[in-house]
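Participant: Just passing along the structure, written as structure tokens.
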Amino acid sequence: MNIHLKEIKSSKPNLVLLHGWGTSSDIWQPWLPFLAENYSITCIDLPGLGLSAVSMHETYSLQSVVAALAEQVPKESVLLGWSLGGMLAIALAEKLQGQIKGLVTLACNPCFVQRDDWPDGMSEAEFAAFEAKLAQQPEKTLLGFFMLQVKNGSLPKVILKQLRAVHSNAQHTQLNASLHLLRHDLRETLQHLSVPSLHFYAEMDQLVPRQLQHILPAMSEKISSMGVPAAGHLAFISDPQWLADELVKFTRRIDAGSC
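Note that the sequence shown ends on residue 700 in this note's numbering; no numbers are left out.
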């Protein structure tokens with residue numbers, strides 16, 4: 442796997458950013474100025490998305506994706522993942538326990554597709570229909586997915602413009618296979634992580650239920666959560682300063698040993 446990175450290197454603490462499905466690390470661009478004051482940043486294009494090319498002959502699975510990502514993570518990093526990137530950050534945190542300092546997710550459901558004991562996700566029928574539609578009409582399906590992400594949230598026109606700009610530069614090689622990663626159930630992985638984690642849920646998110654804000658902390662004393670009022674699926678664009686401030690508070694608590 443040929444992993445594409447963007448870095449803003451400094452002597453500050455390490456922060457690794459993992460984007461969501463159907464986008465690339467370009468999605469972070471509006472937020473980076475709010476983060477660079479406090480962090481040395483590594484933005485990674487997920488394998489098969491953006492400019493991280495994966496050939497059709499390579500094995501593509503959760504395990505192979507996480508292994509490829511693990512090679513790019515600086516020691517003593519905080520992992521931050523949005524949506525699918527959050528799920529991968531959870532799996533990556535398990536693999537790198539002892540080498541990283543903490544985990545943050547934005548708009549991430551650790552079990553995106555419903556299970557018998559997990560109603561707080563997308564139904565199997567709805568997800569399967571989306572997979573089939575993507576296989577038949579990838580461009581139309583992806584643009585429709587962008588519309589869903591901004592629906593009812595703050596700054597929809599601004600965020601939709603950013604999503605479309607990111608899309609215009611992406612060269613996805615594993616769009617369908619990377620979507621399948623959302624079928625994994627990472628609840629148990631998250632529950633047993635030894636590092637502290639913080640999870641943000643947006644009030645108007647149409648993809649990830651905001652009630653997860655109250656469900657996840659019951660899994661472990663290492664887990665905390667916060668809500669983002671009025672925001673949609675991309676709260677890091679609509680509320681960049683607020684999220685950056687809360688991130689700094691969290692990482693400082695880690696460094697102080699109070700998490």
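We put the CB at the ideal spot given by N, CA and C, even for glycine.
1) Which residues does DSSP pair with R556 in a beta bridge?
2) What are the complete beta strand (DSSP E) segments, minimum 3 residues, inside the region 522 to 589?
3) In angstroms, rounded to a whole number, what distance separates the CA positions of P670 and H498?
4) Across the region 475 to 483 and the region 565 to 572, are there enough close Cβ pairs to call them in contact, namely three or more that are closer than 8 Å?
5) Could you check if S564 is buried or exposed, using at least 16 other CB atoms within 10 Å of its CB as the buried criterion?
6) With DSSP as the reference, label V457 as helix, strand or coil.
7) Taking 6 Å as the line, does the beta carbon of G522 fall inside it for any heavy atom of the ligand GTP?
8) Between the alpha carbons of K581 and I468, how many angstroms are there, rounded?
9) Would you say A534 and L521 are within 7 Å of each other, going by their C-beta atoms?
10) K447 by DSSP, collapsed to three states: which one?
11) For H674, does the three-state DSSP call read helix, strand or coil?
12) In whole angstroms, what is the alpha-carbon distance linking E517 and N455?
13) Would you tell me roughly how many angstroms separate the C-alpha atoms of V494 and T464, rounded to the nearest one?
14) Using alpha carbons as the reference points, say which of T500, L492 and K450 lies closest to L476.
15) Excluding the 5 residues flanking S496 on each side, which residues of the same chain have their C-beta closer than 8 Å to its C-beta?
16) So the alpha helix (DSSP H) V689 belongs to, where does it begin and stop?
17) Quick check on the burial criterion: 16 or more other C-beta atoms within 10 angstroms. Buried or exposed for V607?
18) Using the Cα positions of P551 and Q654, report the straight-line distance between them to the nearest angstrom.
Facilitator: Quick look at the numbers:
1) As a working note, residue 556 is residue 115 in the sequence shown. Residue pairing of R556 in beta bridges, as defined by DSSP: W559.
2) 541 to 547
3) What you label residue 670 is simply residue 229 of the sequence shown in a count that begins at 1. What you label residue 498 is simply residue 57 of the sequence shown in a count that begins at 1. The alpha-carbon separation between P670 and H498 amounts to approximately 44 Å.
4) no
5) What you label residue 564 is simply residue 123 of the sequence shown in a count that begins at 1. By the 10 Å Cβ count, S564 comes out exposed.
6) Residue 457 sits at position 16 when you count from the first residue of the sequence shown. The answer is strand: DSSP assigns V457 an E or B state.
7) By its list of ligands, the structure shown contains no ligand whatsoever, and the ligand GTP lies outside what it can speak to.
8) Counting from 1 along the sequence shown, the entry for residue 581 is found at position 140. Counting from 1 along the sequence shown, the entry for residue 468 is found at position 27. C-alpha separation (whole angstroms): 19 Å.
9) Here residue 534 refers to the residue found at position 93 of the sequence shown. Here residue 521 refers to the residue found at position 80 of the sequence shown. Cβ atoms of A534 and L521: not closer than 7 Å.
10) Taking the first residue of the sequence shown as 1, we reach residue 447 at position 6. In the structure shown, K447 sits in a strand (DSSP, three-state: E or B).
11) In the sequence shown, the residue the question calls residue 674 occupies position 233. Of the three classes helix, strand and coil, the one that applies to H674 here is coil, per DSSP.
12) Working through the sequence shown from its first residue, we reach residue 517 at position 76. Working through the sequence shown from its first residue, we reach residue 455 at position 14. About 7 Å.
13) Here residue 494 corresponds to residue number 53 of the sequence shown, with the count starting at 1. Here residue 464 corresponds to residue number 23 of the sequence shown, with the count starting at 1. One point to set straight first is that residue 494 is Ala, not Val, in the sequence displayed. Straight-line Cα distance between these residues: approximately 13 Å.
14) Stepping through the sequence shown from its first residue, residue 476 is reached at position 35. With distances taken between Cα atoms, L476 lies closest to K450.
15) What you label residue 496 is simply residue 55 of the sequence shown in a count that begins at 1. Excluding its 5 nearest sequence neighbours in each direction, S496 has C-beta neighbours in its own chain below 8 Å: T614, listed in chain order.
16) Taking the first residue of the sequence shown as position 1, residue 689 is located at position 248. Looking at the DSSP string, the run of the alpha helix (DSSP H) that includes V689 is P681 to D696.
17) By 1-based counting over the sequence shown, the position of residue 607 is 166. Buried, since its Cβ has 16 or more Cβ neighbours within 10 Å.
18) Numbered from 1 along the sequence shown, position 110 holds the residue referred to as residue 551. Numbered from 1 along the sequence shown, position 213 holds the residue referred to as residue 654. Looking at the two C-alpha atoms, the distance is approximately 12 Å.
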